[in-house]
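Numbering (this note's numbering), first residue to last: 17 to 464.
Beta carbons: idealized from backbone N, C-alpha and C, even for Gly.
Here is the structure we will look at.
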Ligand SMILES: Cc1cc2nc3c(=O)[nH]c(=O)nc-3n(C[C@H](O)[C@H](O)[C@H](O)COP(=O)(O)OP(=O)(O)OC[C@H]3O[C@@H](n4cnc5c(N)ncnc54)[C@H](O)[C@@H]3O)c2cc1C
Ligand SMILES: NC(=O)c1ccc[n+]([C@@H]2O[C@H](COP(=O)([O-])OP(=O)(O)OC[C@H]3O[C@@H](n4cnc5c(N)ncnc54)[C@H](OP(=O)(O)O)[C@@H]3O)[C@@H](O)[C@H]2O)c1
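See the structure below:
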């Protein structure tokens with residue numbers, strides 16, 4: 017299926033006769049169609065992990081599409097509604113030039129031949145009139161998002177706990193507000209963005225200390241352990257005991273009488289419409305590691321994936337990959353041989369690890385990737401390069417913004433409601449120079 021953002025780059029090549037975008041939702045914007053802003057049918061079928069007052073955790077200057085700044089009145093860290101508006105405005109230029117098929121669920125994507133440059137048959141469910149359609153395309157971009165299916169680690173005793181106390185185990189996808197945790201003993205498992213966000217909201221209301229179990233951080237913030245003000249940071253849970261609601265941690269610490277367990281352990285990859293694809297290895301929701309540069313399926317180069325990597329900034333990252341796809345499929349850029357692509361996959365697996373680890377491009381890997389793909393795009397054949405849409409390139413300022421984004425978020429939160437007036441990093445108290453001098457974090461008090 018095509019996504020509107022990726023279509024801009026395909027359109028810029030002027031090499032494709034028809035571009036169709038299928039999305040099961042009723043409107044553009046993916047998961048930024050938060051529950052409070054979606055039509056009722058969408059809310060029930062596709063609950064969003066983004067709740068209505070969630071704010072961005074990345075400054076607009078790096079979160080944005082490369083050539084599309086957010087409007088000047090938008091705060092440095094916009095809320096979900098402002099991001100949705102931004103996405104819809106971006107899509108306005110694209111929609112008139114493509115075949116837009118909203119409320120169309122892609123059920124199955126099958127290769128027409130068993131060769132690397134095969135065309136594809138799509139089985140699609142037109143939800144509005146409950147019809148099943150068959151369509152064929154020369155190439156398919158898979159851009160179905162990676163935050164749909166919650167991941168929870170398989171920990172001994174968890175199934176029994178859930179059976180005995182079903183209301184007490186939740187995943188952050190379904191977290192909306194801290195109310196139910198008032199004066200309760202709460203354990204948060206996973207301490208990346210969702211864990212940090214929910215901990216900040218729950219800690220002021222729950223019984224102290226809030227228990228937080230972490231494996232690793234998110235690659236930007238330093239990991240810490242032990243008691244901190246209001247919270248107790250613990251290692252991973254190794255056992256649940258439903259009888260007395262006790263939990264055992266990897267360092268043999270034990271906590272009893274736990275009222276709620278909130279998994280903030282992220283998501284599994286999910287490609288149900290590719291289940292009939294020969295050789296497609298999902299590895300238990302751990303992503304497709306048979307892709308060259310995380311984009312092209314090495315067995316079927318007419319099948320590409322957008323924003324599969326984790327810990328990246330989605331919008332510019334999608335543009336980067338879209339620029340590569342558009343250049344390769346228009347014939348202006350060539351892919352290496354099968355052997356070389358396979359070698360890239362094997363080497364990357366060796367360096368990063370298998371499964372989910374293969375996909376983790378925590379800073380600075382995300383920034384390096386954006387610039388490597390930019391360099392690759394520069395090799396595309398073109399008589400007049402200016403007429404093609406350029407991919408993003410990140411300079412020192414973007415890299416600094418990326419690695420400082422957590423500090424910026426914490427600094428703006430310390431301004432309480434006044435934070436909505438913060439429109440620039442300078443408003444937030446930060447200054448970029450060749451030798452960056454951000455205000456030391458100690459000057460800020462976390463929210464709550
Ligand atoms: C809680 C949370 C907060 C986040 N906050 C930020 C942030 O502050 N800043 C930031 O830059 N990023 C943030 N992200 C990352 C976010 O994922 C990206 O911003 C962006 O939404 C990714 O876009 P996407 O198009 O890849 O996926 P999605 O937004 O998930 O869109 C995928 C679309 O594909 C459709 N689809 C899926 N399967 C099918 C099918 N079979 N048939 C038809 N359509 C289908 C879905 O309906 C959906 O509309 C956040 C993510 C989460 C989970
Ligand atoms: N705008 C916002 O404010 C906001 C809020 C929430 C989320 N988000 C975005 O949403 C996306 C998903 O974020 P997320 O935090 O939900 O998922 P995530 O980034 O995948 O993080 C999941 C965390 O759970 C940990 N974990 C996994 N298994 C564990 C275990 N057994 N015990 C303890 N910890 C375990 C992981 O550690 P390992 O990495 O070591 O496996 C990781 O730190 C990200 O793009 C994020 O930026 C944004």
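Only counting the same chain, and skipping five residues up and downstream in sequence, which positions put a Cβ closer than 8 Å to that of residue i?
i           : result
residue 433 : none
residue 51  : 59, 63, 64, 67, 68 and 192
residue 351 : 308, 312, 317, 344 and 357
residue 155 : 135, 136, 318, 319, 320 and 345
residue 439 : 88, 89, 90, 91 and 92
Taking the straight line between their C-alpha atoms, what separation do you get for residue i and residue j?
i           : j           : result
residue 317 : residue 395 : 19 Å
residue 236 : residue 281 : Note on residue 236: pLDDT 47, under 50, position unreliable in the model; no value is reported.
residue 293 : residue 166 : 23 Å
residue 44  : residue 258 : 43 Å
residue 379 : residue 327 : 8 Å
residue 263 : residue 33  : 58 Å
residue 212 : residue 426 : 11 Å
residue 176 : residue 61  : 28 Å
residue 267 : residue 244 : 18 Å
residue 448 : residue 289 : 45 Å
residue 228 : residue 196 : 17 Å
residue 384 : residue 222 : 41 Å
residue 286 : residue 372 : 13 Å
residue 162 : residue 210 : 15 Å
residue 2   : residue 38  : Residue 2 cannot be examined here, being either before or after the span of the chain that is shown, 17 to 464.
residue 467 : residue 202 : The shown model of the chain, from 17 to 464, leaves out residue 467, and the question about it has no answer.
residue 387 : residue 422 : 22 Å
residue 291 : residue 121 : 15 Å
Spatial neighbours of residue i within its chain, please: CB distance less than 7 Å, with the 5 preceding and 5 following residues excluded, ordered by chain position.
i           : result
residue 470 : It is not possible to answer for residue 470, since the shown part of the chain is limited to 17 through 464.
residue 224 : 246
residue 30  : none
residue 178 : 185
residue 48  : 66, 96, 99, 100 and 103
residue 214 : 188, 191, 204, 278 and 280
Does residue i come out as helix, strand or coil in the three-state DSSP assignment?
i           : result
residue 181 : coil
residue 34  : coil
residue 165 : strand
residue 116 : strand
residue 335 : helix
residue 262 : strand
residue 232 : coil
residue 199 : coil
residue 126 : strand
residue 349 : coil
residue 243 : strand
residue 306 : coil
residue 216 : helix
residue 142 : strand
residue 424 : helix
residue 221 : coil
residue 103 : helix
residue 410 : coil
residue 320 : strand
residue 464 : Reliability of the predicted coordinates at residue 464 is poor, the pLDDT of 32 falling under 50, and no value is obtained from them.
residue 404 : coil
residue 25  : helix
residue 150 : strand
residue 156 : strand
residue 18  : Bear in mind that a pLDDT of 42 at residue 18, under 50, signals an unreliable position, so the model cannot answer this.
residue 441 : coil
residue 253 : strand
residue 446 : coil
Residues in its own chain within less than 6 Å of residue i by CB, not counting five upstream and five downstream?
i           : result
residue 435 : 428
residue 390 : 407 and 409
residue 206 : 280 and 281
residue 153 : 136
residue 158 : 321
residue 173 : 255, 256 and 257
residue 119 : 42, 143 and 144
Taking Cβ positions only, does residue i come closer than 9 Å to chain B?
i          : result
residue 95 : Within the model displayed, chain B is absent; a lone protein chain is all it includes.
Nearer than 8 Å: is that true of the beta carbon of residue i relative to any heavy atom of ligand 4?
i           : result
residue 151 : Ligand 4 is not among the ligands present in this structure, which contains only ligand 1 and ligand 2.
4 or more residues per run - each alpha helix (DSSP H) lying fully within the stretch 355–389: 372–375
Going residue by residue through the stretch 265–296, where are the continuous alpha helix (DSSP H) segments of at least 4 residues, counting only ones entirely within it? none
At 4 residues or longer, what runs of the alpha helix (DSSP H) sit wholly inside the stretch 37–96? 56–61 and 76–79
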